[in-house]
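Here my numbering is used: the first residue of the sequence shown is 1392, the next is one more, and so on.
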Amino acid sequence: MNVIYCLVPAPYWAQYEGKAEYLPRDYDEEGFIHATRGDELLERVMNRVYATYEGELLLLVIDEERVTSEVKYEQASDGNLYPHIYGPLNTDAIVEVRRMERSAAGWVV
């Protein structure tokens, strides 16, 4: 299984539980779903994107092979390659939903 990750605030995810597809709030603006791969990169993304977020943060653990929309690996401004999902994320590709923990130093995997 090729695992990729998506982060989502719990209150936003609640509206998608039990539905066939997921789209993040910024999908119309961005044109794709941001994802990441690997724990080290995930931790960096959490602490950059959600640095000031105080609510419950969830991690969608996704089997990339089951994603029905196109997944492209594209280089971001930080030089890293990130998986971008071009279309809705079919929720049957999500194999686990984890609650992320925040320490005094920030978000940790």
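Even glycine gets a Cβ: it sits at the ideal position worked out from N, Cα and C.
Find out if the Cβ-Cβ distance for the pair residue i, residue j is shorter than 9 Å.
i               : j              : result
alanine 1411    : aspartate 1483 : yes
isoleucine 1366 : serine 1460    : Outside the displayed span of the chain (1392 to 1500) sits residue 1366, for which this structure offers no information.
methionine 1437 : valine 1500    : yes
leucine 1444    : proline 1402   : The question names leucine, but residue 1444 is tyrosine in the sequence shown. Cβ distance not < 9 Å, so tyrosine 1444 and proline 1402 don't count as in contact.
Pull up the distance between the alpha-carbon of residue i and that of residue j, whole angstroms please.
i               : j              : result
proline 1474    : tyrosine 1441  : 18 Å
leucine 1448    : leucine 1414   : 16 Å
serine 1494     : glutamate 1421 : 30 Å
methionine 1392 : alanine 1496   : 31 Å
aspartate 1417  : alanine 1405   : 16 Å
leucine 1472    : valine 1462    : 12 Å
aspartate 1419  : tyrosine 1464  : 19 Å
glutamine 1433  : glycine 1478   : Reading off the sequence, residue 1433 comes out as leucine, not glutamine. Answer to the nearest angstrom: the Cα atoms are 21 Å apart.
Beta-carbon within less than 6 Å of residue i's beta-carbon, same chain only, minus the 5 sequence neighbours each way: which residues are those?
i               : result
isoleucine 1395 : Ala1426, Arg1428, Ile1453, Glu1455 and Pro1474
cysteine 1397   : Ala1426 and Leu1451
Which residues does DSSP list as the beta-bridge partners of residue i?
i               : result
asparagine 1393 : Answer by DSSP bridge pairing: none, since asparagine 1393 is not bridged.
tyrosine 1464   : Pro1474
arginine 1493   : Trp1498
leucine 1451    : Cys1397 and Val1488
tyrosine 1413   : Leu1480
threonine 1427  : Tyr1396
Report whether the distance from the Cβ of residue i to the nearest heavy atom of the ligand GTP is below 8 Å.
i            : result
alanine 1467 : For the ligand GTP, the structure offers nothing, since it holds no ligand at all.
To which residues of the same chain is residue i closer than 7 Å at the C-beta, ignoring the five residues directly before and after it?
i             : result
arginine 1481 : Note on identity: in this sequence residue 1481 is asparagine, with arginine being the wrong assignment. So the list reads Ala1411, Glu1412, Val1458 and Thr1459, once near-sequence residues are dropped.
Establish whether the CB of residue i and some CB of chain C are separated by less than 9 Å.
i            : result
alanine 1496 : Within the model displayed, chain C is absent; a lone protein chain is all it includes.
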